[in-house]
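Chains as they are written, first to last, in the numbering used here: chain D, 395 to 576; chain X, 5 to 499. C-beta atoms are modelled at their ideal positions from N, C-alpha and C, and glycine is treated no differently. These figures come from a predicted structure and were not determined experimentally. What follows is a set of notes on a single structure, which appears directly below.
In structure tokens form, the structure reads like this:
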């Protein structure tokens, strides 16, 4: 059992859609667990790296300091890191806020909306919630990324083909069908 | 706010004990939920829980950055809030934009295609939550070994159940693909209608599979019901409290997941308001901002922030409706309501049972729609007079979802306000966390298994934390233990 390569996954500033696309491999998930063992991932309760991993799948870019800590931790523990999907690759939709001062985004959400009730007139700020970054960063601006899978999300077949190639020591050569998006 | 190059390496606080004997425990990240959450528990010097909170730690800023985008882009843009229930946001935005462009009634083909998409998503989302995320707690116990307490462990111990879960989710995803064009983040709904119908070939593939799906859906409902009834004594008080409930109902009071008016009831089942039109939502509801969470706290205005909070989702929908308009789910609803003598059911863990009633309801609705020739119609779009403002409510798998937009004469969005399902369950989840922490952690040596009890209560709500943090953030689950002066005593991250 323990000699199976380990795969860890995380969702940073993403929507979980790339994790859902991993689950869209459907019944092949049973084949996958013959090939690998899952390390830390939001789909189980392993919350810290118990040891080294062969592959880390990164969904989402970095929008707060917590994302940066988690991503650096993944780089430290994984031999190969893959940016899965547009948010990890480019910042994606959340990076639409990069052209807007962060304070304006906060004011819109916590001071202005037609249903906001905020007698103190302050935006959330506490030691318990992480600091937001001024802009959303793609994963490779923070750590070295070895492979990029495009798409919003990349299809289950794309993720499957890339994982199987890496796990069986074959070159990752994806046909056009798997790398064309919407 | 901060920038990338100023971030110092994180010093992990796990168990922190202050000199005065108080402690702070942290669960981070909360796992087997969608998104990022963190729980912080404060213990006093006697080891009693003095405070326990669920913090949402992510923020993304959708309401601001959607401004300036063309209105027709919004249904495909805002669904990127959430990869588990993108269809909810896709359809809520499309419905609001229908109103913006003055379309009050869709063509039958468009409305039924959207409904089919929605029931497909409710089916896959409920199957995903029950089998992939929650079932390990129910099958193995709340404090089972971390190594098996996940879907892979379920596949090893109960292979048939795991395969059913996978195949049910797959069916729902295929329905979404046939109606929206893609399994995740599709493009089917457009302001005023839909961009495709269902071909006979697509329909026939589903018809071949639907009987098997119905059988599995009945089986899933039985698993949830039997589990709840057999363990009622333990589950009834687990993270439970009385509350108001809200959900959409059709004009005759039947459950309707796609459209209708909002009904809210109090803890005894008395109606607070009924058939509220989406356009009036801001007169009835408000959201309180609290400094310690990026997720707001919605409440009913007429009652106020203190007591006006309410629950949403499967439990609330079954509580508020008069009936369900499909026969098998209606039978199941009656059995469910009999447990509480037809009064509202407030049991947090009963969410799972209610969710499986809706799973069966969705399967029945899919059967109904597949036999409707309107799905092969070619009249896909309706037109109207531009109004510039639109509001919509839809029942997402996790509860009532509100979208509101204003659009200017250049077709650009000028204002967006979203109240997502999980946000309405913010106060309820915090109450559940606090109740479980006080019952199970006070005076105890804190173990991983005990901490998982807190996550079990959160998972009952099937929170979607990415949705909830559309505004700007992200939510990992951490339990922090803090003393009465606010010093961090203990930080427990599981695993």
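Nearest to residue 175 (chain X) by CA position, among X:213, X:456, X:346 and X:246, is which residue?
X:213
Drop a sphere of 10 angstroms on the beta-carbon of residue 336 (chain X), count the other beta-carbons inside from all chains shown, and report buried for 16 or more, exposed for fewer.
Residue 336 (chain X) counts as buried, since at least 16 other C-beta atoms from the protein chains shown sit within 10 angstroms of its C-beta.
CB contact flag (residue 539 (chain D), residue 476 (chain D), <9 Å)
yes
Hey, residue 469 (chain D) and residue 445 (chain D): beta-carbon distance below 9 Å or not?
no
Are there three or more Cβ pairs, one per stretch, closer than 8 Å when the segment 261-269 of chain X is compared with the segment 454-465 of chain X?
no
Closest by C-alpha distance to residue 10 (chain X), when choosing among D:526, D:562 and D:557:
Check the Cα spacing between residue 10 (chain X) and each of D:526, D:562 and D:557: the tightest is with D:526.
Determine, using beta carbons only, whether residue 511 (chain D) comes closer than 9 Å to chain X.
yes
Under 9 Å, CB to CB, which of the residues in the segment 262-285 of chain X have a partner in chain D?
Cβ contacts with chain D: 285.
By alpha-carbon positions, which one of X:290, X:196, X:314 and X:52 ends up nearest to residue 109 (chain X)?
For the residues X:290, X:196, X:314 and X:52, the minimum Cα distance to residue 109 (chain X) belongs to X:196.
Simplified DSSP assignment, three categories, for residue 207 (chain X)
It is helical.
Closer than 9 Å, Cβ to any Cβ of chain D: which residues of the segment 200-223 of chain X, in chain order?
none
Cross-strand partners of residue 74 (chain X) (DSSP beta bridge):
X:416
So with Cβ pairs under 9 Å, would you call residue 298 (chain X) a contact of chain D?
Chain D, which has a Cβ nearer than 9 Å to the Cβ of residue 298 (chain X), makes this yes.
Using a Cβ-Cβ cutoff of less than 6 Å, which residues in the same chain neighbour residue 155 (chain X) once the five nearest sequence positions on both sides are dropped?
136
Evaluate residue 563 (chain D) with the Cβ neighbour count: other Cβ atoms within 10 Å of its Cβ, from every protein chain shown; 16 or more gives buried, anything less gives exposed.
exposed
Closest by C-alpha distance to residue 167 (chain X), when choosing among X:354, X:224 and X:279:
X:224
Start and end residues, beta strand (DSSP E) containing residue 323 (chain X):
No beta strand (DSSP E) holds residue 323 (chain X); the alpha helix (DSSP H) holding it covers 318-324.
Residue 280 (chain X): first and last residue of the uninterrupted beta strand (DSSP E) it sits in
275-280
Could you work out which residues of chain X lie near residue 491 (chain D), taking near to mean beta carbons separated by less than 9 Å?
64, 65, 66, 68, 69 and 476
Spatial neighbours of residue 413 (chain D) in its chain, beta-carbon cut-off 8 Å, leaving aside the 5 residues before and after
403, 405, 436, 437 and 453
To the nearest angstrom, how far is it from the Cα of residue 388 (chain X) to the Cα of residue 173 (chain X)?
37 Å
What does the Cβ neighbour count give for residue 209 (chain X), buried or exposed, with the cut at 16 atoms within 10 Å?
Result: exposed.
Enclosing alpha helix (DSSP H) for residue 178 (chain X) [first to last residue]
Judged by DSSP secondary structure, residue 178 (chain X) falls within the alpha helix (DSSP H) whose first and last residues are 163-184.
Thinking just about the alpha-carbon of each residue, which of X:417, X:430 and X:164 is nearest to the one in residue 1 (chain X)?
Here chain X covers residues 5 to 499 and nothing more, so residue 1 (chain X) does not appear.
Taking only the alpha-carbon atoms, compute the straight-line gap between residue 148 (chain X) and residue 95 (chain X) and give it to the nearest angstrom.
39 Å
Thinking C-beta only, is residue 322 (chain X) closer than 9 Å to residue 349 (chain X)?
yes
Which residues in chain X sit within 8 Å of residue 570 (chain D), going by Cβ to Cβ distance?
Within chain X, no residue comes near residue 570 (chain D); the closest Cβ sits about 18 Å away, beyond 8 Å.
Can you tell me whether residue 345 (chain X) is helix, strand or coil according to DSSP?
coil
State buried or exposed for residue 575 (chain D), treating a residue as buried only when at least 16 other CB atoms are found within 10 Å of its CB.
exposed
Taking only the alpha-carbon atoms, compute the straight-line gap between residue 49 (chain X) and residue 157 (chain X) and give it to the nearest angstrom.
38 Å
Neighbour list for residue 456 (chain X) in chain D, Cβ cutoff strictly below 8 Å
Near residue 456 (chain X) (Cβ distances below 8 Å), the residues of chain D are 439.
Reduced DSSP secondary structure (H/G/I, E/B, other) of residue 511 (chain D)
When secondary structure is reduced to three states using DSSP, residue 511 (chain D) falls in the strand class.
Verify the CB distance criterion: does residue 401 (chain D) have a CB-CB separation below 9 Å to chain X?
no
State the start and end residues of the unbroken beta strand (DSSP E) segment that holds residue 403 (chain D).
400-405
Contact between the segment 492-504 of chain D and the segment 39-58 of chain X is defined here as three or more beta-carbon pairs at a separation below 8 Å; is this criterion met?
Contact fails: fewer than three Cβ-Cβ distances are below 8 Å.
Among X:434, X:468 and X:439, which one has its Cα closest to the Cα of residue 57 (chain X)?
X:434
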